[in-house]
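A.B. asks: Each residue of the sequence shown is one higher than the last, beginning at 81 in the working numbering.
Glycine residues also receive a C-beta, built at the ideal position from the N, C-alpha and C atoms.
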Amino acid sequence: MSQSAPVLDPMRWRALCVIAIAQLMVVLDASIVNIALPSMQTDLGISDADRQWVLTAYTLTFGGLLLLGGRIADFQGRKRMFVVGLIGFAAASLLGGVAQNSAMLFSARALQGAFAALLAPAALSLISVTFTESKERARAFGVFGAISGGGAAIGLIAGGILTEFASWHWTLLVNVPIAILAVFLAIPFVKESRATGDTKYDIPGAITATAGLVSLVYGITQAESQGWNGTSTLTFMGLGVLLLIVFLVIESRSSHPLLPLRILENRNRGGAYLASFFVGVGLFAMFLFLTYFFQAVMGYTPLTSGLLFLPFSAGIVVSAGVASQLLPRFGPRWVTASGFVLAIVGMTLLLRLSPTSSYAGDILPSLIVMSFGMGLIFVPLSAVSLFAVGNHDAGVASAVLNTSQQIGGSIGVAFLNTIAASATTAYIVSNGLSQPTPDALVAGFTRGFLWGAIILAVAGTIWVVLVNMTKKDMAANDSPMAHVG
81 MSQSAPVLDP
91 MRWRALCVIA
101 IAQLMVVLDA
111 SIVNIALPSM
121 QTDLGISDAD
131 RQWVLTAYTL
141 TFGGLLLLGG
151 RIADFQGRKR
161 MFVVGLIGFA
171 AASLLGGVAQ
181 NSAMLFSARA
191 LQGAFAALLA
201 PAALSLISVT
211 FTESKERARA
221 FGVFGAISGG
231 GAAIGLIAGG
241 ILTEFASWHW
251 TLLVNVPIAI
261 LAVFLAIPFV
271 KESRATGDTK
281 YDIPGAITAT
291 AGLVSLVYGI
301 TQAESQGWNG
311 TSTLTFMGLG
321 VLLLIVFLVI
331 ESRSSHPLLP
341 LRILENRNRG
351 GAYLASFFVG
361 VGLFAMFLFL
371 TYFFQAVMGY
381 TPLTSGLLFL
391 PFSAGIVVSA
401 GVASQLLPRF
411 GPRWVTASGF
421 VLAIVGMTLL
431 LRLSPTSSYA
441 GDILPSLIVM
451 SFGMGLIFVP
461 LSAVSLFAVG
471 NHDAGVASAV
481 LNTSQQIGGS
491 IGVAFLNTIA
501 ASATTAYIVS
511 NGLSQPTPDA
521 LVAGFTRGFL
531 WGAIILAVAG
541 TIWVVLVNMT
551 KKDMAANDSP
561 MAHVG
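(1) Counting only the same chain and skipping the five closest in sequence on each side, list residues whose C-beta sits under 8 Å from that of G240.
(2) Are F186 and W250 closer than 7 Å when you measure CB to CB?
(3) Relative to the C-alpha of M184, which candidate in L252, T210, L204 has its C-alpha closest?
(4) Using the Cα positions of I283 and A403, report the straight-line distance between them to the nearest angstrom.
(5) Pick helix, strand or coil for N348, following the three-state DSSP scheme.
(6) Determine the contact status of V449 and G419, defining contact as a CB-CB distance below 7 Å.
(7) The alpha helix (DSSP H) spanning Y138 covers which residue range?
(8) Tell me whether I487 sits in a helix, a strand or coil according to DSSP, three-state version.
(9) Going by beta carbon distance, what residues of the same chain come within less than 6 Å of V544, once the five residues before and after it are set aside?
(10) Evaluate the contact criterion for the segment 146–153 versus the segment 91–106: three or more CB pairs, one atom per stretch, below 8 Å.
(11) Helix, strand or coil for K280, going by three-state DSSP, please let me know.
(12) When DSSP labels each residue in this structure, what does T381 get in the three-state scheme?
(13) Would you decide whether R347 is buried or exposed? Buried here means 16 or more other CB atoms lie within 10 Å of its CB.
(14) Using a Cβ-Cβ cutoff of less than 7 Å, which residues in the same chain neighbour M81 once the five nearest sequence positions on both sides are dropped?
(15) Straight-line CA distance for V256 to A266?
(16) Which value, in whole angstroms, describes the spacing of the CA atoms of G307 and Y298?
(17) In whole angstroms, what separates the C-alpha of V377 from that of S434?
(18) Between V449 and chain C, is any beta-carbon pair separated by less than 7 Å?
(19) By the three-class DSSP mapping on this structure, what secondary structure does F410 have?
(20) For a test of the three-state rule: what should DSSP assign to Q180, helix, strand or coil?
(21) Give the C-beta separation of L481 and G532 to the nearest angstrom, bearing in mind that I take them to be a contact with Cβ-Cβ under 8 Å.
(22) Could you say if the segment 486–494 and the segment 357–365 meet the contact criterion of at least three C-beta pairs nearer than 8 Å?
(23) Go ahead and pull the three-state DSSP assignment for P201.
(24) At the level of alpha carbons, what is the spacing between M161 and L124?
(25) If the criterion is Cβ atoms closer than 7 Å, does the pair L199 and A188 meet it?
(26) Give me the Cα-Cα distance between M549 and K280, rounded to the nearest whole angstrom.
(27) Look at the Cβ atom of A539, then the Cβ atom of F358, and state whether they are nearer than 7 Å.
(28) Go through its chain and collect everything with a Cβ distance to V294's Cβ below 7 Å, but skip five positions before and after it.
(29) When you compare the CB positions of L466 and A477, do they come within less than 7 Å of one another, or not?
(30) Just the Cα atoms here: how many angstroms apart are A170 and V397?
(31) Quick one: residues in its chain with C-beta nearer than 7 Å to the C-beta of G292, no 5 flanking neighbours on either side, listed in chain order?
(32) Taking all protein chains shown into account, decide if L166 is buried (16 or more other Cβ within 10 angstroms of its Cβ) or exposed.
(33) On a Cα-Cα basis, can you pick out the residue from A137, I237, A197 that is closest to A190?
(34) Could you check what DSSP says for F186 in three-state terms: helix, strand or coil?
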């Protein structure tokens, strides 16, 4: 039975540019404050124990509220929530930029995360419903993947430039004009879409999912100071796991679930979400360790440290473009498998680091190899996570992908930072030192890189085992019926 070709939105490429601007702002905001963190800490008198909340206040609210944000975008209109998210993000950034104390800064970062949770799934689902032809969709996800992958490194560069030549305040204030520009461009270029049918909200699911994720990640962050057997560590982690189990029970029985389990039951999408989680765990801490290596061991300035990540950003942009060409020809399974091999090799190369390592000889090759691998990973992850999900669930499906990456990143920073700190402490004790030396710091960083490589290997194995989608399956998704909720 023949079907008419999908109707193509004449404004789709302009819409993609607007969505790309917004996505870049959201992604880089997770890392732009990293290099500015020492200045923030000194200026506002933030303690060493509390400084982590500049980062985790954002990632926790972002990851914890993404599922609800995806549902709101589906039901209230993706364009409308995209614009609301941009305006709210700008307001929260302004609040953080003028913060006079730590509580104001932490609150602003949490508010940024909340509006990012509305903005990010709206952006990804808008791509899914705007580009209805597989080759165009692959190119669109190529742009999105390049931004998602390179945004963290771009944030480090921008953070260095703004901190050194302006002040840490501008790492947040810079979002305001960007968001305003995106709002004005979104109004004429982005087409509205929304889910039809059941549009009720699952409030019990939203509460248990958010509380469970926050409790779990908070428990892991406690391990750094309390140890993995510490009372607060085990209590919060146990409570988090319990709440997430309750969440799954609620979802299985709800008539209008926040997370329709049918989304996870699809083998390919489930594999993409699980692999994405472990990519976040294994990759996110790499930026943190290298940032400290550049500044604390090699003695570079914030700006120079940020610029040293530029090859990583460029590599992902190039690789994502290659992936968008390979995806329709070969399908996602082995394109991404090769990406995991490159990423693991790149991470493993960092195990050679020592206090006398050079950037050009010891770090740059690793960044290039890893970045090419990550580009081949991010593009198919985005495409497979939304494969044939239906218009009704496009927003929540994209939210699951973002949630898996954000929560994976939060857990990865907490877990790998604890591993690295423990290795550094062990080195200090075994060598009778009174304080951390470059050798002690590097001992911790390399232990973190080792675990990062192992976790990426787990992610790659999950992908190859679970994802069996072919290029024919992707082409079949061009059918207009494949996008009807």
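C.D. replies: In short:
(1) If you number the sequence shown from 1, residue 240 lands on position 160. Correct list, in chain order: I115, T381, P382, L383, T384, S385, G386, L387.
(2) As a first step, residue 186 must be located in the sequence shown, where it is residue number 106. As a first step, residue 250 must be located in the sequence shown, where it is residue number 170. For F186 and W250, no; Cβs fall outside 7 Å.
(3) Translated into the one-based positions of the sequence shown, residue 184 becomes position 104. Measuring from the Cα of M184, the nearest candidate turns out to be L252.
(4) Position 203 of the sequence shown, counting from 1, holds the residue named residue 283. Position 323 of the sequence shown, counting from 1, holds the residue named residue 403. When rounded, the distance between both Cα atoms is 39 Å.
(5) Working through the sequence shown from its first residue, we reach residue 348 at position 268. N348: helix per DSSP, three-state reduction.
(6) Counting from one through the sequence shown, the residue named residue 449 turns up at place 369. Counting from one through the sequence shown, the residue named residue 419 turns up at place 339. No; because the gap between Cβ atoms is not below 7 Å, this pair is not in contact.
(7) Taking the first residue of the sequence shown as position 1, residue 138 is located at position 58. Y138 -> alpha helix (DSSP H) spans 133–156.
(8) The residue given as residue 487 occupies position 407 in the sequence shown. Helix, per DSSP.
(9) As a working mapping, residue 544 is identified with position 464 in the sequence shown. Closer than 6 Å at Cβ, skipping near neighbours: A417.
(10) Because the criterion of three Cβ pairs below 8 Å is not met, the segment 146–153 and the segment 91–106 do not touch.
(11) Along the sequence shown, read from residue 1 onward, the residue named residue 280 stands at position 200. Of the three classes helix, strand and coil, the one that applies to K280 here is coil, per DSSP.
(12) Position 301 of the sequence shown, counted from the first residue, corresponds to residue 381. Coil.
(13) As a position in the sequence shown, residue 347 is number 267, starting the count at 1. Only exposed fits R347, as fewer than 16 other CB atoms lie within 10 angstroms of its CB.
(14) Here the question's residue 81 lines up with position 1 in the sequence shown. Low per-residue confidence applies at M81: pLDDT is 45, beneath 50, and the placement is therefore not dependable, though the value from the model is reported in the following sentence. If we look at M81 and ignore the five residues flanking it on each side, it has no Cβ neighbours.
(15) Taking the sequence shown and counting its residues from 1, one reaches residue 256 at position 176. Taking the sequence shown and counting its residues from 1, one reaches residue 266 at position 186. Near 15 Å, if we compare the C-alpha coordinates of A266 and V256.
(16) As a working mapping, residue 307 is identified with position 227 in the sequence shown. As a working mapping, residue 298 is identified with position 218 in the sequence shown. Rounded to the nearest angstrom, the two C-alpha atoms are 13 Å apart.
(17) The residue given as residue 377 occupies position 297 in the sequence shown. The residue given as residue 434 occupies position 354 in the sequence shown. Going from the Cα of V377 to the Cα of S434 covers about 9 Å.
(18) Considering every chain present, this structure includes no chain C. It has just one protein chain.
(19) Translated into positions along the sequence shown, residue 410 becomes position 330. Reduced to three states, the DSSP call for F410 is helix.
(20) Reading the sequence shown from its first residue, position 100 is the one you call residue 180. Three-state DSSP puts Q180 in coil, outside helix and strand.
(21) To locate residue 481, count along the sequence shown from 1; it is residue 401. To locate residue 532, count along the sequence shown from 1; it is residue 452. Between G532 and L481 the Cβ distance is about 21 Å, and since that is not below 8 Å, they are no contact.
(22) yes
(23) For the purposes of this step, residue 201 is taken as residue 121 along the sequence shown, with counting starting at 1. Correct three-state label for P201: helix.
(24) Locating residue 161 in the sequence shown gives position 81, where the first residue counts as 1. Locating residue 124 in the sequence shown gives position 44, where the first residue counts as 1. Using only the alpha carbons, I get a separation of about 33 Å.
(25) Start at 1 with the first residue of the sequence shown, and residue 199 comes out as number 119. Start at 1 with the first residue of the sequence shown, and residue 188 comes out as number 108. Going by C-beta atoms, L199 is not nearer than 7 Å to A188.
(26) Counted from its first residue, the sequence shown places residue 549 at position 469. Counted from its first residue, the sequence shown places residue 280 at position 200. The straight-line gap from Cα to Cα measures roughly 32 Å.
(27) By 1-based counting over the sequence shown, the position of residue 539 is 459. By 1-based counting over the sequence shown, the position of residue 358 is 278. Taking 7 Å as the Cβ cut-off, A539 and F358 qualify as a contacting pair.
(28) Here residue 294 corresponds to residue number 214 of the sequence shown, with the count starting at 1. So the list reads L140, G144, once near-sequence residues are dropped.
(29) As a first step, residue 466 must be located in the sequence shown, where it is residue number 386. As a first step, residue 477 must be located in the sequence shown, where it is residue number 397. Yes, the pair counts as a contact, with Cβ atoms nearer than the cut-off.
(30) In the sequence shown, the residue the question calls residue 170 occupies position 90. In the sequence shown, the residue the question calls residue 397 occupies position 317. Rounded to whole angstroms, A170 to V397 spans 26 Å at the Cα level.
(31) Counting from 1 along the sequence shown, the entry for residue 292 is found at position 212. Cβ within range, chain order: G320, L323, L324, F327.
(32) On the sequence shown, residue 166 is found 86 positions in, with the first residue counted as 1. Burial call: buried.
(33) On the sequence shown, position 110 is the one that residue 190 refers to. Comparing Cα-Cα distances from A190 to each of A137, I237, A197, the minimum goes to A137.
(34) For the purposes of this step, residue 186 is identified with residue 106 of the sequence shown, where counting begins at 1. Helix, per DSSP.
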